[in-house]
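A short worksheet on the structure shown next.
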Amino acid sequence: MGLSTSERKQRIRRRIRKVSFGTETRPRLSVFRSNKEIYVQLIDDNNGKTLASASSRDKGLDSKGTKSEIANAVGKSIAEKAIKAGIETVAFDRGGNLYHGRVKALAEGAREGGLKF
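Numbering (our numbering), first residue to last: 18 to 134.
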């Protein structure tokens with residue numbers, strides 16, 4: 018019997034976290050995707066602090082359109098917050114999700130907003 022979806026995702030997540038480590042100058046851009054919403058955080062792993070966060074549930078975000086369009090807007094939102102905090106480069110952590118669909122749309126939105134990864 019093979020791995021369940023959640024076990025497979027956990028295995029991928031651990032593999033990504035071995036390589037992706039956030040510092041104060043280059044934080045980890047961590048993505049969490051649920052069935053309805055998408056959440057993203059900039060994490061400094063050295064100090065164990067979240068520097069900035071954004072989600073599809075934020076008040077100022079226009080929540081109309083497809084889930085991918087909303088994810089793109091969340092990416093732009095986190096990029097804006099990061100640049101205000103003086104952060105330009107990040108380490109992308111897709112959180113065990115495939116780089117496809119909403120995760121890809123979020124990453125492209127963050128790049129459009131001015132983040133480099």
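Note that the Cβ used here is the ideal one computed from N, Cα and C, for glycine as well. The structure displayed is predicted, hence computed values, not measured ones.
Problem - Straight-line Cα distance separating Ala-102 from Arg-31 - result: Working through the sequence shown from its first residue, we reach residue 31 at position 14. Working through the sequence shown from its first residue, we reach residue 102 at position 85. Rounded to the nearest angstrom, the two C-alpha atoms are 28 angstroms apart.
Practice task
Return the CA-CA distance between Glu-24 and Ser-94, expressed in angstroms with no decimal places.
Solution key: Counting from one through the sequence shown, the residue named residue 24 turns up at place 7. Counting from one through the sequence shown, the residue named residue 94 turns up at place 77. Cα-Cα distance, rounded: 31 angstroms.
Exercise for the section: For Tyr-56, count neighbouring C-beta atoms within 10 Å of its own C-beta (all shown protein chains included) and say buried if the count is 16 or more, exposed if not. Expected result: Here the question's residue 56 lines up with position 39 in the sequence shown. Under this definition Tyr-56 is a buried residue.
Exercise for the section: Name the residue from Asn-64, Asp-75, Ser-21 and Lys-84 whose alpha carbon lies nearest to the alpha carbon of His-117. Expected result: Position 100 of the sequence shown, counted from the start, is the residue given in the question as residue 117. Of the listed residues, the one whose Cα sits closest to His-117 is Lys-84.
Handout entry: Whole-angstrom distance between Leu-123 and Leu-115, CA atom to CA atom
Key = As a working mapping, residue 115 is identified with position 98 in the sequence shown. As a working mapping, residue 123 is identified with position 106 in the sequence shown. Near 12 angstroms, if we compare the C-alpha coordinates of Leu-123 and Leu-115.
Practice task
Take Ser-73 and list the residues in its own chain whose beta-carbon comes closer than 6 angstroms to its own, dropping the five residues that flank it on each side.
Solution key: The residue you call residue 73 lines up with position 56 of the sequence shown. Same-chain partners within the cutoff: Glu-54, Ile-55, Ile-87 and Val-91.
Practice task
Please name the residue in Gly-65, Ala-96 and Arg-111 whose C-alpha comes closest to that of Ala-71.
Solution key: For this step, residue 71 is matched to residue 54 along the sequence shown. Cα-wise, what sits closest to Ala-71 is Ala-96.
Exercise for the section: Tell me whether the beta-carbon of Val-107 lies closer than 8 angstroms to the beta-carbon of Arg-45. Expected result: Looking up residue 107 in the sequence shown gives position 90. Looking up residue 45 in the sequence shown gives position 28. Yes.
Problem - Which residues DSSP lists as bridging Ile-55, in chain order - result: In the sequence shown, the residue the question calls residue 55 occupies position 38. DSSP output for Ile-55 lists Arg-50 as bridge partner(s).
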